[in-house]
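Position 338 of the sequence shown, counting from 1, maps to 337 under the working numbering, and the rest follow consecutively. All C-beta atoms, glycine included, are put in the ideal place defined by N, C-alpha and C. In what follows, a structure is listed as structure tokens, so that the remarks can point back to it.
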Amino acid sequence: MGIKVAKFGGSSVADGIQLTKTKQIIEADPDRRYIVVSAPGKRFDGDNKITDLLYLCKTHMDHNLPYDQVFQVVTDRFMAVELNLGVDVNLQSHFEQIKEQLRKGCSADYIASRGEYLNAVLIAAFLGYDFVDAAGLIQFDSKGRLMQKETDEALRSELAKHERAVIPGFYGTDAADGSIKTFSRGGSDITGSLVARAVGADMYENWTDVSGFLMADPRIVKNSKPIHKISYKELRELSYMGASVLHDEAIYPARMANIPINIRNTNHPEDPGTIITAEQEETTTVVTGIAGSKDFTVIAIYKNMMSYERGFVRRILAILEDFDISFEHLPSGIDTVSVVVSNKSIDGRLDELLDAFEKQLNPDTMEVFEDISLIATVGCGMSRRSGVAASLFTALADADVNIRMIDQGSSEMNIIVGVENKDFEKAVRAIYNAFA
Ligand code: ADP
Ligand code: ASP
Ligand code: MG
């Protein structure tokens, strides 16, 4: 018998109807032995994700506002599912424990993690699988960094005791004090990948609400072409740049253990979805996918004879380090270098940052473009083809999109352009139409 790890995202476990589909999928293949679950997601447009409601409880708490009503919406949803599925896990006692922690002023990470926790308890009972808590197994150091080796060993030895188990996604614990610590949003994908690696799975299945990775975000490009096969490398570029189907940090553990990842649709289990492996597909298509996100700032620094000045870029990086800002890109030309950072990381300190650049770099001029979107066009086939960049720029020019920045990755697997936020969707569609 083989082993498959199956992770089910928020919409796949949002209510009784979705959980019935999920159970059918799991029972259709006895290899699906380790199940990782998200908190219940949206059931329909305009619905709330349980995780968002839990964060909202914390926000209310921090502002000394009553949070009971919001928490009630959470408990009502879980109770409806318990009733609907005909299981009894004594949810009330779990709610009491959580309320007790809320009264004591628990952390945002703790309260946010309870969506996954409660859902895993319920789903384990529904499937007749063991519940194995991620707390104490997935471990973080004092800086919030995942402790890979310790986590791998702890998961491995615990899961070896369970033939079949449900594990809550998204969180683990601080190894030093045992407090709950979450990954960033969408982090249940990472839990799934860590579990797959620990149990030596033959496949990591990631069940969601789309039939695999599409060439572009379906919310921007309607009827976007599906990608049947893609390499870990290409996928990492696309998910890092904003294709939210799979958390970008979820690729590393599976990739290390050479475990293929299969993105599947819970609502269409007959669709094969996307397979992600180490191999690069021998394909005639040049571009595999397009992904991007909004809200970056580009600071273009010009200085005559910059290229001769020793340590210029090092000084830029030192300033960014002082501000605790990580840069996204640093394209350079003769006498110019552009620093691309997310608006979020600048966090309202743009003037201070420019001031530091001015004083410490003494540039001739600086130009700032705020509210920029970055779009990556990715494909292993790109390096073998000429004229890709020309087609891309022509497509953008024809669509009347101004390009604020260009960065061609040294891997020759991607071209990244910066455009104004208002042109983001238009630009993605123009690139898609040029290559699909
Ligand atoms: P889950 O809750 O199952 O983890 P997510 O919402 O995190 O699901 O990811 C699936 C969503 O990702 C899709 O519904 C789709 O809107 C979005 N998405 C963005 N880019 C892409 C893409 N290139 N291909 C497919 N889906 C994409
Ligand atoms: N529930 C968490 C979130 O909404 C984690 C996840 O779904 O992967 O971000
Ligand atoms: Mg997700």
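Secondary structure note for THR364: its beta strand (DSSP E) is the uninterrupted segment 364-377. Counting every other CB atom within 10 Å of its CB across the protein chains shown gives GLN138 a total of 16 or more, marking it as buried. With fewer than 16 other Cβ atoms from the protein chains shown falling within 10 Å of its own Cβ, ASP323 counts as exposed. In the DSSP assignment, ALA426 falls outside any beta strand (DSSP E) and within the unbroken alpha helix (DSSP H) covering 423-434.
Between the C-alpha atoms of TRP206 and THR296 there is a straight-line separation of about 34 Å. VAL4 has its alpha-carbon roughly 22 Å from the corresponding atom of ILE226. Taking the Cα of LEU145 as reference, the smallest distance to any Cα among ASP173, VAL165, VAL35, SER230 is reached at ASP173. The beta-bridge partner set that DSSP reports for ALA5 consists of ILE34, GLU204. Around the beta carbon of LEU82, fewer than 16 other beta carbons sit within 10 angstroms, so the residue counts as exposed. Going by DSSP, VAL387 is part of the alpha helix (DSSP H) stretching over 387-397.
The region 91-167 is shown to contain whole beta strand (DSSP E) runs of 3 or more residues at 164-167, in chain order. In this chain, the beta strand (DSSP E) harbouring GLN407 covers 402-407. Here TYR66 carries a coil assignment [DSSP, helix/strand/coil]. A straight-line Cα-Cα distance of about 58 Å links MET305 and GLU269.
Beyond the five residues adjoining it in sequence on each side, GLY104 comes within less than 8 Å, by CB distance, of MET60 in the same chain, given in chain order. Residue nearest to ARG313 within the set LYS6, VAL336, SER292, ASP176 is VAL336 (criterion: CA-CA distance). Under the three-state reduction of DSSP output, VAL12 falls in the helix class.
Around the beta carbon of LEU53, a 10 Å sphere encloses 16 or more other beta carbons of the protein chains shown; the residue is thus reported as buried. A Cβ-Cβ contact shorter than 8 Å links ASP129 with ALA164. Minimum Cα-Cα distance from GLY1 among the listed residues ARG42, LEU101, ILE258, GLN96 corresponds to ILE258.
The continuous stretches of beta strand (DSSP E) do not include LYS232, which lies in the alpha helix (DSSP H) extending over residues 231-239. Looking at ASP67, CYS56, THR276, TYR116, the one whose alpha-carbon comes closest to that of ALA107 is CYS56. With contacts defined as CB atoms closer than 8 Å, ASP406 and PRO330 qualify as a contacting pair. In the three-state reduction of the DSSP assignment, THR190 falls in the helix class, which pools H, G and I.
Counting of Cβ neighbours within 10 angstroms places LEU121 among the buried residues, the total reaching 16 or more. Taking every protein chain shown into account, the CB of ALA253 has 16 or more other CB atoms within 10 angstroms, so this residue is buried.
Here ILE275 is not near PHE356, since their CB atoms are 8 Å or more apart. ARG263: member of the beta strand (DSSP E) spanning 260-264, first to last residue. Non-local C-beta neighbours of PRO167 in its own chain, meaning closer than 6 Å and more than five positions away in sequence, comprise GLU115, TYR116, ALA119, ALA133, ordered along the chain. In the three-state DSSP reduction, ALA27 falls in the coil class, being neither helix nor strand.
In the three-state DSSP reduction, GLY288 falls in the strand class (E or B).
Here the residues close to ligand 3, judged by CB distance below 6 Å to any of its heavy atoms, are GLY8, GLY185, ASP188 in chain order. Shown here for THR50: same chain residues with a beta carbon closer than 7 Å to its own, the five before and five after excluded, namely ALA38, ALA111, GLY114 in chain order.
At a threshold of 7 Å, SER10 does not count as near ligand 2, since its beta carbon sits no closer than that to any of the ligand's heavy atoms. At a threshold of 7 Å, ALA253 does not count as near ligand 2, since its beta carbon sits no closer than that to any of the ligand's heavy atoms.
When DSSP states are grouped into helix, strand and coil, PHE326 belongs to the coil group.
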